[in-house]
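Participant:
In the working numbering, the protein residues as written are 35 to 232.
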């Protein structure tokens, strides 16, 4: 089925608007929200019980600084898994990261990704996922950057694997334009609110 050009146009408009909103936050406002989100992270549903967690590394100026989450996962003894983009296959491959300084290197677009020596794991081995996104709505639907990497990855997880996101307050929109391939998540959490999926 061909993509709906109107929906694609709506998505582009939401992406532009949300990126502009995030980048217009003052440094103090952004720092305050990130501090609250770092405090929320360990208490997200299902995280404490998970042994193997998939987290992403901040890749763009408008994204949250995820370093506190990565450090917290390692410090608490969890197996930290991070994605690497496989451009040839247009998918994410997952690898264990034991040390941020030794196991990550610039990859696609300069984004920090697991090095070649890291152990690869299957999506079904992951117990919990922190999902990135540019925008979210009150039904915990997400809008990514358009490459579809997470929309292809999430269905490959074990059924019932918790999938949550952390976001700035300005990343929540009333109602996202969605297409059939867009995969909802279990919850999105901001400094002031939490929205759980159906």
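Every residue, glycine too, gets a C-beta built ideally from N, C-alpha and C.
Who are the near neighbours of residue 231 in its chain, counting only those whose CB is closer than 7 Å to its CB and skipping five residues on each side?
Facilitator: The answer, listed in chain order, is 173, 174, 218, 219, 220 and 221.
Participant: Residues bridged to residue 204 by DSSP?
Facilitator: Paired residue(s): none; residue 204 is not in a bridge.
Participant: Whole angstroms are fine: how far does the CA of residue 169 sit from the CA of residue 262?
Facilitator: The requested residue 262 is not part of the displayed model; the chain covers only 35 to 232.
Participant: For residue 263 versus residue 41, is the C-beta distance shorter than 8 Å?
Facilitator: A query on residue 263 cannot be resolved here, the shown segment of the chain reaching from 35 to 232 and no further.
Participant: Check the DSSP bridge columns for residue 228 and list the partner residues they point to.
Facilitator: Residue 228 pairs with 223.
Participant: If you pair each beta-carbon of the segment 131-139 with each one of the segment 194-212, do three or more pairs fall below 8 Å?
Facilitator: No, they do not touch.
Participant: Taking C-alpha atoms, which residue in 133, 117 and 96 lies nearest to residue 106?
Facilitator: Of the listed residues, the one whose Cα sits closest to residue 106 is 133.
Participant: Using the rule of at least 16 other Cβ atoms within 10 Å of the residue's Cβ for burial, across every protein chain shown, is residue 54 buried or exposed?
Facilitator: With fewer than 16 Cβ atoms within 10 Å of its Cβ, residue 54 is classed as exposed.
Participant: Assuming residue 167 contacts residue 208 (C-beta within less than 8 Å), just tell me the rounded distance between them.
Facilitator: The pair is not a contact, with the Cβ atoms about 16 Å apart (cut-off 8 Å).
Participant: Counting Cβ pairs, one atom from each stretch, are 3 or more of them under 8 Å apart for the segment 98-112 and the segment 176-192?
Facilitator: With the cut-off at 8 Å, the segment 98-112 and the segment 176-192 do not touch.
Participant: Going by C-alpha to C-alpha distance, which of 147, 48, 82 and 47 sits closest to residue 90?
Facilitator: Nearest of 147, 48, 82 and 47 to residue 90, Cα basis: 147.
Participant: Specify, as a first and last residue, the run of the alpha helix (DSSP H) that residue 103 falls within.
Facilitator: 101-109 is the span of the alpha helix (DSSP H), which, as asked, contains residue 103.
Participant: Could you have a look at residue 125 and say whether DSSP puts it in helix, strand or coil?
Facilitator: Looking at residue 125 - three-state DSSP - the assignment turns out to be strand.
Participant: Could you tell me which residues DSSP puts in a beta bridge with residue 138?
Facilitator: In the DSSP output, where bridge partners are listed per residue, residue 138 has 148.
Participant: Buried or exposed: where does residue 171 fall if 16 or more other Cβ atoms within 10 Å of its Cβ makes it buried?
Facilitator: With 16 or more Cβ atoms within 10 Å of its Cβ, residue 171 is classed as buried.
Participant: Please tell me whether residue 45 and residue 177 are closer than 8 Å, where the distance is taken between their beta carbons.
Facilitator: The answer is yes: Cβ separation under 8 Å.
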